[in-house]
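Below you'll find the structure, written out as structure tokens, and then a few comments.
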Amino acid sequence: MSARKEGIDSLIKSPSTTLFEEQKLLVNKLKQDNLLSKEEFLTLLKQSSEEISEYLFSLAREVRQKIYGNSVYIRGLIEFTNFCKNDCFYCGIRKSNANAERYRLLEDEILSACEIGYELGFRTYVLQGGEDGYYKDDFICNLISRIKRDYSDCAITLSIGERSYDSYLSYYQAGADRYLLRHETASEEHYQKLHPSNLTLSNRKRCLWDLKSIGYQVGSGFMVGSPYQKPENLIEDLLFLHELQPHMVGIGPFIPHKDTPFASESAGTLELTLYLIGILRLMFPNALLPSTTALGTIHPLGREKGILAGANVVMPNLSPREVRSKYMLYDNKICTGDEAAECRFCMERRMNKIGYEIAVDRGDYKGGKCYV
Ligand code: SF4
């Protein structure tokens, strides 16, 4: 055992040690090693305070500053279909929700959103949708090729759920660069409480490993404060992410949707979500961490706070305004009435106010280990 670790252990065991001192040492250790044991993570998570959160965020900002400076990357989110064959219990566009007003964008509508996005300085398009069998692989591949042909300096991120290895490979070969697929929870038992029995954690993980092996920049993540979630589940999430070593990690508070089985569940908190963003930044110094729309939904300054906790990506909406309010994964989602340009410039003002700059850049993962 190293002298430093012995120091931590004896301090943790000392009855006179305050929880803050104990947690501060663990935050330092996390910054140094990018990992803690289950017990140590539990000590960090069991009782957070404003004091330890501020300390964590200051280190998280230091780490992100060293690698990404003051840049905040923007992703243009195009939600092209809200049809989905799945029935996840937490999701507002689940197939059983008869109140969802369904839509699909045509190829020209998607390309027109790309054109508007390019003028606004977006250099990454995120094509997101439910698991909608209407769009066959040929359609997706042609769409990717067309976007790449017209905007060769842009990255394409797909977020279209669980597919076969061959489908993932064909999208990659057509030019897709990145893929987002949150694992949602890394606990088998918890997974089954959030999803119907035809959806399994093992298949979700299989998809993530397939995506990595093909060569995508891979994003995963989880909901904070989802129904039945225990602190131990969050630790399983962190340990799974450590194993996966994704390039991007997206987390956001669970927010209930009125037409789902979880309609009356409580939302996840801003504080815990921010705290976990800080932890993730220290675990993954080089990662692309979005400050999500869900954070902005539970607090008017949620996205700014996410950046100040260590995030470095925001995803303004590029979907046509007519369909935005129909892509309602949870209640009260913000920015559903704004034009793309309004969202883009609103985000710029928000970032400038807290001392950050929006980058006109693909915003790729910056690899390598960070020695701060
Ligand atoms: S979470 Fe995704 S897969 Fe599940 S119902 Fe919603 S859109 Fe479909």
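Quick note: to get the numbering used here, add 295 to the position in the sequence shown (first position is 1).
Glycine included, C-beta positions come from ideal geometry on N, C-alpha and C.
Since the model is a prediction, treat every value here as computed from it, not as a measurement.
Beta-bridge annotation (DSSP): GLU357 is not paired with any residue. Between VAL513 and LEU571 the beta-carbon gap is near 19 Å, outside 8 Å, which marks them as no contact. Taking C-alpha positions only, SER407 is separated from ALA471 by approximately 18 Å. Of the heavy atoms belonging to the ligand SF4, at least one sits nearer than 6 Å to the Cβ of CYS379.
Straight-line measurement puts the Cα of PHE384 at about 6 Å from the Cα of PRO556. A residue is called buried once 16 or more other Cβ atoms fall within 10 Å of its Cβ, and LEU506 is buried on that count. Ranked by how close their Cα comes to the Cα of CYS436, the residues ASN581, ASP448, PRO491, SER462 have SER462 in first place. Under the three-state reduction of DSSP output, TYR622 falls in the coil class, being neither helix nor strand. Looking at MET610, ARG576, ALA582, the one whose alpha-carbon comes closest to that of LEU603 is ARG576. Placement of the Cβ of GLU426 at a distance of less than 6 Å from at least one heavy atom of the ligand SF4 is found. Placement of the Cβ of CYS638 at a distance of 6 Å or more from every heavy atom of the ligand SF4 is found. It is roughly 31 Å from the alpha-carbon of GLY658 to the alpha-carbon of LEU339. The alpha-carbon separation between PHE640 and ASP382 amounts to approximately 35 Å. Short of 6 Å from the beta carbon of HIS490, and not among the five residues preceding or following it, lie these beta carbons of its own chain, in chain order: CYS383. Between GLY545 and LEU475, the beta carbon gap of about 6 Å places them in contact (Cβ cut-off 8 Å). Comparing alpha carbon positions, the residue from GLN540, ASN323, GLN342, ILE373 closest to SER353 is ASN323. Proximity of the region 393-407 to the region 479-488 falls short of the contact definition, fewer than three beta-carbon pairs being nearer than 8 Å. ASN607 is classed as buried because its beta carbon has at least 16 other beta carbons within 10 Å across all chains shown. Collapsing the DSSP output to three states places ALA450 in a strand. If you draw a 10 Å sphere on the C-beta of THR313, you find fewer than 16 other C-beta atoms in it, and that means exposed. Contact between PHE375 and TYR429 is absent: CB atoms are separated by about 11 Å, not below the 8 Å threshold. By the Cβ neighbour-count rule, GLU402 is exposed, with fewer than 16 other Cβ atoms within 10 Å of its own.
Contact between GLU643 and ARG616 does not hold, since their C-beta atoms are separated by about 19 Å, which reaches or exceeds 8 Å. Not one heavy atom of the ligand SF4 sits closer than 6 Å to the Cβ of GLY516.
The alpha-carbon of ASP656 is positioned some 16 Å away from that of GLU410. The DSSP-derived three-state label of ARG458 is coil.
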